[in-house]
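Student: Numbering (my numbering), first residue to last: 111 to 230.
A virtual CB, placed ideally from N, CA and C, is assigned to each residue, including glycine.
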Amino acid sequence: MKPVTQTIFYDDPDGRPGNCLQAAVASLLELPLDDVPHFLLHADWDERMVAFCTRHGYRPTLQPVDQYCPYGMAWGPSERGVRHAVCWVDGRMAHDPHPSRAGLLRVTELIAFTPAPPSR
Numbered sequence: 111m112k113p114v115t116q117t118i119f120y121d122d123p124d125g126r127p128g129n130c131l132q133a134a135v136a137s138l139l140e141l142p143l144d145d146v147p148h149f150l151l152h153a154d155w156d157e158r159m160v161a162f163c164t165r166h167g168y169r170p171t172l173q174p175v176d177q178y179c180p181y182g183m184a185w186g187p188s189e190r191g192v193r194h195a196v197c198w199v200d201g202r203m204a205h206d207p208h209p210s211r212a213g214l215l216r217v218t219e220l221i222a223f224t225p226a227p228p229s230r
């Protein structure tokens, strides 16, 4: 995991959704932010994210929040009152892409990144 910081926030003046998900995926795949799509700009963002991650060797899958997750993302409310994504490594938060690095108030969703053969 290579930490990447998000550049768009929930209160963006242009009305764009924050890009914590884009930054978390970039961090987990160790890619520059600009090489990862801003998935939330699309109605089918979840399908696009899964396809993108699979092409890069990982299959994201939702798992119970009480299960150990060696590598992936956690989602939940942030102290700013919005749904937020952070990087999750070895069963704990490893990186918050928001510049505050404050993390989540609680984990409501856990997405494991399991190795998958890269697709073409």
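So C197 and M183 are in contact, right, with Cβ under 8 Å, and what is the actual spacing, rounded?
Tutor: Rounded, the Cβ-Cβ distance is 6 Å, consistent with contact.
Student: Could you give the DSSP three-state label for C179: helix, strand or coil?
Tutor: Note: C179 maps to coil in three-state DSSP.
Student: Under the criterion of a Cβ to heavy atom distance below 7 Å, does N129 qualify as lining the ligand GTP?
Tutor: With respect to small molecules bound, the structure shown includes none, and the ligand GTP cannot be examined in it.
Student: For the pair the region 183 to 193 and the region 209 to 216, tell me if three or more CB-CB distances fall below 8 Å.
Tutor: Yes: at least three Cβ pairs fall under 8 Å.
Student: Measure the CB-CB distance between P207 and V146 and report whether it falls below 8 Å.
Tutor: It is not a contact, given that the beta carbons lie outside the stated cut-off.
Student: What is the residue span of the alpha helix (DSSP H) that M159 lies within?
Tutor: M159 -> alpha helix (DSSP H) spans 155 to 165.
Student: Since Q173 is in the alpha helix (DSSP H), which residue starts that stretch and which ends it?
Tutor: Premise fails: Q173 lies in the beta strand (DSSP E), 168 to 173, not in any alpha helix (DSSP H).
Student: Does DSSP put A133 in a helix, in a strand, or in coil?
Tutor: If DSSP states are grouped into helix, strand and coil, A133 belongs with the helices.
Student: Buried or exposed for H205, please, with buried defined as at least 16 other CB atoms from any protein chain shown within 10 angstroms of its CB.
Tutor: Classification for H205: buried.
Student: Here's the rule I'm using: 16 or more other beta-carbon atoms within 10 Å means buried, otherwise exposed. How should Q177 be labelled?
Tutor: By the neighbour-count rule (16 or more Cβ atoms within 10 Å), Q177 is not buried but exposed.
Student: Give the straight-line distance between the Cα atoms of Y181 and I221, rounded to the nearest whole angstrom.
Tutor: About 8 Å.
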